[in-house]
Amino acid sequence: MPLKYKTGSVEAARSPKTLSKDEMPRIELAKLKSVKRGPPADGVNLFYPFFIKAELPKPQQPPPIQPPPLDPVEEELKLFHFMGFLEKQEAAGRDKKFFLAKGQNIYIVKSGDTIEGRFKVDVRPGIVEIVGIDSEKRITIPVEEK
Numbered sequence: 356m357p358l359k360y361k362t363g364s365v366e367a368a369r370s371p372k373t374l375s376k377d378e379m380p381r382i383e384l385a386k387l388k389s390v391k392r393g394p395p396a397d398g399v400n401l402f403y404p405f406f407i408k409a410e411l412p413k414p415q416q417p418p419p420i421q422p423p424p425l426d427p428v429e430e431e432l433k434l435f436h437f438m439g440f441l442e443k444q445e446a447a448g449r450d451k452k453f454f455l456a457k458g459q460n461i462y463i464v465k466s467g468d469t470i471e472g473r474f475k476v477d478v479r480p481g482i483v484e485i486v487g488i489d490s491e492k493r494i495t496i497p498v499e500e501k
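With our numbering applied, the sequence shown covers 356 to 501.
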């Protein structure tokens, strides 16, 4: 097969192709500024990817666990405090009255009494128990005899 190349032949000079403004590639400076790399310490890795990786979406935090709603009767029962008791000798036997405080109010009660029409008092040896009439919530207060 003969060669087609002829020695000394000159190929027609190619003129550079001019591009219009719409055809010119655009450089996005914002992307260039977002890539912040320091100079390499021990040389350049030629095989390092030159494209910018998209950030993965951060996992959503689960909503904080809310404590269960407080029961208003239970919160009100916690306000009762034992202050002391008075024991009287009567003909029918001993009568023991207890002093209970709730906030600035002081109540003198005995077993079976109701406080504020909402709480019933039950006295047992060593304890005073206050029970919510409508809710059956209760608080037990130890009685200290000195």
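Glycine is no exception: its CB is placed at the ideal position from the N, C-alpha and C atoms.
Tell me which residues share the same chain as residue i and place their Cβ nearer than 7 angstroms to its Cβ, disregarding the 5 neighbours each side in the sequence.
| i | result |
| --- | --- |
| Ile-463 | Lys-452, Phe-454 |
| Lys-457 | Leu-434, Phe-435 |
Does DSSP put residue i in a helix, in a strand, or in coil?
| i | result |
| --- | --- |
| Lys-492 | coil |
| Pro-497 | strand |
| Phe-408 | Rather than Phe, the amino acid found at residue 408 in this sequence is Lys. Correct three-state label for Lys-408: coil. |
| Ala-385 | helix |
| Lys-475 | strand |
| Thr-373 | coil |
| Ile-470 | strand |
Considering just the uninterrupted stretch of the alpha helix (DSSP H) at residue i, what are its terminal residues?
| i | result |
| --- | --- |
| Glu-484 | Premise fails: Glu-484 lies in the beta strand (DSSP E), 482 to 487, not in any alpha helix (DSSP H). |
| Glu-431 | 427 to 432 |
Since residue i and residue j should fall inside the 8 angstroms C-beta cutoff, what is the C-beta to C-beta distance between them, to a whole number of angstroms?
| i | j | result |
| --- | --- | --- |
| Ile-494 | Leu-425 | Contact flag wrong, Cβ pair sits at about 14 angstroms. |
| Gly-472 | Pro-497 | Gly-472 to Pro-497, Cβ: 26 angstroms. No contact. |
| Val-478 | Ile-470 | No, Val-478 and Ile-470 are not in contact; Cβ-Cβ is about 13 angstroms, not under 8 angstroms. |
| Glu-429 | Lys-492 | 5 angstroms |
Since residue i is in the beta strand (DSSP E), which residue starts that stretch and which ends it?
| i | result |
| --- | --- |
| Ile-463 | 460 to 464 |
| Met-438 | 435 to 445 |
| Gly-448 | 448 to 457 |
Sorted by chain position, which residues of the same chain lie with C-beta nearer than 8 angstroms to residue i's C-beta, five sequence neighbours on each side aside?
| i | result |
| --- | --- |
| Thr-373 | none |
Any heavy atom of the ligand ZN inside 7 angstroms of the beta-carbon of residue i?
| i | result |
| --- | --- |
| Lys-386 | Absence of the ligand ZN from the depicted structure is noted, as is the absence of any ligand whatsoever, leaving it without description. |
Any chance the region 481 to 499 sits against the region 434 to 450, with 3 or more Cβ pairs inside 8 angstroms? yes
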